[in-house]
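To start, the structure itself, in structure tokens.
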Amino acid sequence: MFSRKKLALAIIFLNYNILFAQQSITTPNDSLIQKAIEMSIQHDYENAERIFQKIIESDPEQPEGYFFMAATIQSKMMDFETERWDADFFRYINLTIKKANDKILKSSDTNIWARFYKGSALSYLAFVEGRRGKYLPAIRHGYSGITLLKKIAKAHPDFYDALFGIGSYNYWRSRITRLINWLPIISDQRENGIQKIKLATQKGRFTRYAALNELIWILIDADKPNEAFEYARKGLEKFPESRFFLWGAAKSAYAQKNYPAATYYFKKIIKSITQSNFNNHYNEYICRLNLVKCYLETDNIKEAKNQIKFLKSLKLTPEISKRLKKQKKRLKQFDS
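First residue of the sequence shown? That's 297 in this note's numbering, and the numbers climb one at a time after it.
Following this line, the structure appears as structure tokens:
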């Protein structure tokens with residue numbers, strides 16, 4: 297189950313994974329963007345960023361290249377659990393908003409594509425601000441972003457990529473109101489949100505896999521681990537080494553109490569993390585702690601002790617150690 301803090305971040309009107317528009321993308325860029333998306337899902341961020349930089353250089357006044365670059369950087373930071381590339385993210389996301397505003401102001405009619413990129417960029421910005429504890433600007437930017445996306449979806453019902461972000465918003469808004477008593481009564485839109493995201497996984501042109509990843513986590517939160525696990529396996533059929541889908545498979549298997557499967561996927565994540573070119577040990581710590589729980593659930597005390605010993609030997613920076621305060625406390629309980 298998600299903590300209240302995580303839910304608070306999620307409800308800052310996050311359609312943070314919403315990615316890419318449809319007809320606005322020119323034919324030459326279409327194949328390049330598809331290629332870069334798949335690179336990002338498989339953690340080849342360097343080459344994905346090179347492609348988006350080429351798109352920017354080919355037409356610096358268009359917002360799409362800046363937006364895709366910012367989205368990739370944010371995915372990389374979430375994958376590695378770091379703020380290392382914060383400055384780059386903010387630079388590209390603010391350029392997206394600026395270029396989109398320029399297009400909107402110059403257009404005599406409603407520029408749907410510029411509005412789409414602006415709405416999506418504002419939503420990304422809200423997500424990052426929420427993670428940094430800047431809740432007031434996050435709420436302001438998130439509300440502005442989702443309002444733009446809803447207007448687009450209303451005018452263009454077949455714009456399936458926009459449904460992904462709206463579905464995420466509908467689910468998490470309803471979810472958080474169950475925990476905050478002072479909010480006015482809002483109708484329960486969780487199932488509506490799930491259905492919108494499912495539609496995006498089926499018909500979205502560029503949001504298909506991002507929507508699939510979000511759907512897995514929402515289904516876990518909604519206490520539907522069996523369905524979540526099946527969607528995670530679907531993602532792994534296409535991208536068998538993607539940590540995004542490995543995490544979903546591991547967590548949904550654990551929620552199913554399928555501890556052997558959870559153990560298998562957590563081990564795969566650890567192997568992937570330790571072989572990557574960036575490892576601050578945050579995610580490794582989380583995975584190994586989950587392995588301890590899996591081993592204890594299956595009475596494999598020897599392996600549980602081995603993982604506990606390994607966790608205690610990890611050399612963490614003060615910043616990572618602080619972020620893992622709750623997990624380290626849990627480890628002490630297991631080790632007592």
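Yeah, the Cβ is synthetic: ideal placement off N, Cα and C, and Gly gets one too.
The structure presented is a predicted model; accordingly, all values stated were derived computationally and were not measured.
Distance between residue 449 and residue 472 (C-alpha atoms, nearest Å): Reading the sequence shown from its first residue, position 176 is the one you call residue 472. Reading the sequence shown from its first residue, position 153 is the one you call residue 449. Take the alpha-carbon of residue 472 and the one of residue 449: they are about 24 Å apart.
Between the CA atoms of residue 348 and residue 319 - distance to the nearest angstrom: Here residue 319 is taken as the residue at index 23 of the sequence shown, counted from 1. Here residue 348 is taken as the residue at index 52 of the sequence shown, counted from 1. Here residue 319 scores only 45 on pLDDT, less than 50, and its place in the model is too uncertain to base an answer on.
Stretch-stretch touch, CB-based, cutoff 8 Å, three pairs: the segment 507–518 with the segment 527–541: The segment 507–518 vs the segment 527–541: in contact.
Classification of residue 614 by the beta-carbon crowding that lies within 10 angstroms, buried from 16 upward: As a first step, residue 614 must be located in the sequence shown, where it is residue number 318. That one is exposed.
Contacting residues, own chain, Cβ-Cβ under 8 Å from residue 490 (five flanking each side not counted): Position 194 of the sequence shown holds residue 490. Within the same chain, residue 490 has close Cβ partners 463, 467, 511, 514, 515 and 518.
Buried or exposed (CB count within 10 angstroms, at least 16 for buried), residue 428: For the purposes of this step, residue 428 is taken as residue 132 along the sequence shown, with counting starting at 1. It is exposed - the Cβ of residue 428 has fewer than 16 other Cβ atoms within 10 Å.
Pairwise C-alpha distance: residue 379 and residue 617: Position 321 of the sequence shown, counted from the first residue, corresponds to residue 617. Position 83 of the sequence shown, counted from the first residue, corresponds to residue 379. When rounded, the distance between both Cα atoms is 15 Å.
Secondary structure of residue 463, DSSP reduced to three states: To locate residue 463, count along the sequence shown from 1; it is residue 167. The answer is helix: DSSP assigns residue 463 an H, G or I state.
Residues near residue 540 in its chain [Cβ-Cβ closer than 6 Å; skip 5 each side]: For this step, residue 540 is matched to residue 244 along the sequence shown. The answer, listed in chain order, is 509.
Rounded Cβ spacing between residue 410 and residue 394 (contact assumed at less than 8 Å): Here residue 410 is taken as the residue at index 114 of the sequence shown, counted from 1. Here residue 394 is taken as the residue at index 98 of the sequence shown, counted from 1. Separation of the CB atoms of residue 410 and residue 394 is rounded to 11 Å, and the pair is thereby denied contact status at 8 Å.
DSSP three-state assignment for residue 357, whether helix, strand or coil: Taking the first residue of the sequence shown as 1, we reach residue 357 at position 61. If DSSP states are grouped into helix, strand and coil, residue 357 belongs with coil.
Close-in-space but distant-in-sequence residues of the same chain around residue 588 (CB under 7 Å, 5 per side omitted): The residue labelled residue 588 in the question sits at position 292 within the sequence shown. Cβ contact annotation for residue 588 (same chain, cutoff 7 Å, sequence separation greater than five): 600, 603, 604 and 630, in chain order.
Residue from 361, 458 and 470 whose Cα sits closest to the Cα of residue 396: Taking the sequence shown and counting its residues from 1, one reaches residue 396 at position 100. For residue 396, the nearest C-alpha among the options comes from 361.
Cβ-based burial, residue 628 [other Cβ within 10 Å; buried from 16]: The count along the sequence shown starts at 1 and reaches residue 628 at position 332. Per the 10 Å Cβ criterion, exposed.
Span of the alpha helix (DSSP H) around residue 488: Sequence index remark: in the sequence shown, residue 488 carries index 192 (1-based). 486–499 is the span of the alpha helix (DSSP H), which, as asked, contains residue 488.
Option in 556, 553, 455 and 367 with minimal Cα separation from residue 500: Residue numbering aside, residue 500 sits at position 204 when the sequence shown is read from its first letter. Looking at the Cα atoms, 455 is the closest of the given residues.
Residue range of the unbroken alpha helix (DSSP H) whose run includes residue 577: Counting from one through the sequence shown, the residue named residue 577 turns up at place 281. Counting along the chain, residue 577 falls outside any alpha helix (DSSP H), and DSSP gives it neither H nor E.
Residue 418, buried or exposed, once every other Cβ within 10 Å from all chains shown has been counted against 16: Here residue 418 refers to the residue found at position 122 when the sequence shown is read from its first residue. When all chains shown are included, residue 418 counts as buried.
Euclidean distance between Cα positions of residue 432 and residue 392: Counting from one through the sequence shown, the residue named residue 432 turns up at place 136. Counting from one through the sequence shown, the residue named residue 392 turns up at place 96. Cα to Cα, residue 432 sits roughly 21 Å from residue 392.
Whole-Å CB distance - residue 561 paired with residue 545, under 8 Å assumed: For the purposes of this step, residue 561 is identified with residue 265 of the sequence shown, where counting begins at 1. For the purposes of this step, residue 545 is identified with residue 249 of the sequence shown, where counting begins at 1. Indeed, because the Cβ distance is near 5 Å, the residues count as touching under 8 Å.
Of the listed residues 344, 339, 566 and 401, nearest to residue 327 (C-alpha basis): By one-based count along the sequence shown, residue 327 stands at place 31. Per the Cα distances, 344.
Closest by C-alpha distance to residue 388, when choosing among 609, 357, 598 and 337: On the sequence shown, position 92 is the one that residue 388 refers to. Answer by Cα proximity: 357.
C-alpha gap between residue 564 and residue 369, whole angstroms: Counting from 1 along the sequence shown, the entry for residue 564 is found at position 268. Counting from 1 along the sequence shown, the entry for residue 369 is found at position 73. In a straight line, the C-alpha of residue 564 is about 23 Å away from that of residue 369.
Three-state class that DSSP yields for residue 418 in the structure shown: Taking the sequence shown and counting its residues from 1, the one referred to as residue 418 is at position 122. Annotated three-state conformation of residue 418 is helix, per DSSP.
Beta-carbon proximity list for residue 583, same chain, < 6 Å, skipping 5 on both sides: Walking along the sequence shown from the start, residue 583 turns up at place 287. Hits under 6 Å: 562, 565 and 566.
CA-to-CA distance, residue 626 to residue 547, given in whole angstroms: Mapped onto the sequence shown, residue 547 falls at position 251. Mapped onto the sequence shown, residue 626 falls at position 330. So the alpha carbons of these two residues sit roughly 18 Å apart.
C-alpha gap between residue 632 and residue 338, whole angstroms: For this step, residue 632 is matched to residue 336 along the sequence shown. For this step, residue 338 is matched to residue 42 along the sequence shown. Residue 632 and residue 338: Cα-Cα distance of roughly 39 Å.
Coil, strand or helix - residue 428 by DSSP: Looking up residue 428 in the sequence shown gives position 132. Correct three-state label for residue 428: coil.
Length-filtered (4 minimum) alpha helix (DSSP H) runs lying within the segment 342–404: Here the runs fully enclosed are 360–376 and 382–402.
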